[in-house]
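**Q** Start counting the sequence shown at 1; every next residue gets the next number (the UniProt record's numbering).
Ideal Cβ placement from N, Cα and C applies to all residues, glycine included.
On a predicted model such as this, the values are computed, not experimentally measured, just so you know.
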Amino acid sequence: MVNPFTFLQEVRTEANKVTWPTRRETMITTGLVILMVLFASLFFVVVDSALRFGVGLLLQAGQ
Numbered sequence: 001m002v003n004p005f006t007f008l009q010e011v012r013t014e015a016n017k018v019t020w021p022t023r024r025e026t027m028i029t030t031g032l033v034i035l036m037v038l039f040a041s042l043f044f045v046v047v048d049s050a051l052r053f054g055v056g057l058l059l060q061a062g063q
């Protein structure tokens, strides 16, 4: 069992070792994430539409 004071000192020491991203790196990463979300959403809209069309054709052919 570690003393809470010692624990907090160790946490502070470890936090000082963290390399935080710059504002520019954060903005670039955020832009890339937004771009990938847009591409993924467009992909799924196209796939959903194609599947809906295909199922519609199959259902019409069965009538």
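Please report the distance separating the alpha-carbon of G31 from that of N3.
**A** The straight-line gap from Cα to Cα measures roughly 43 Å.
**Q** By DSSP, does T19 sit in helix, in strand, or in coil?
**A** Correct three-state label for T19: coil.
**Q** Out of curiosity, what's the CA-to-CA distance linking R52 and L58?
**A** Taking the straight line joining both Cα atoms gives about 10 Å.
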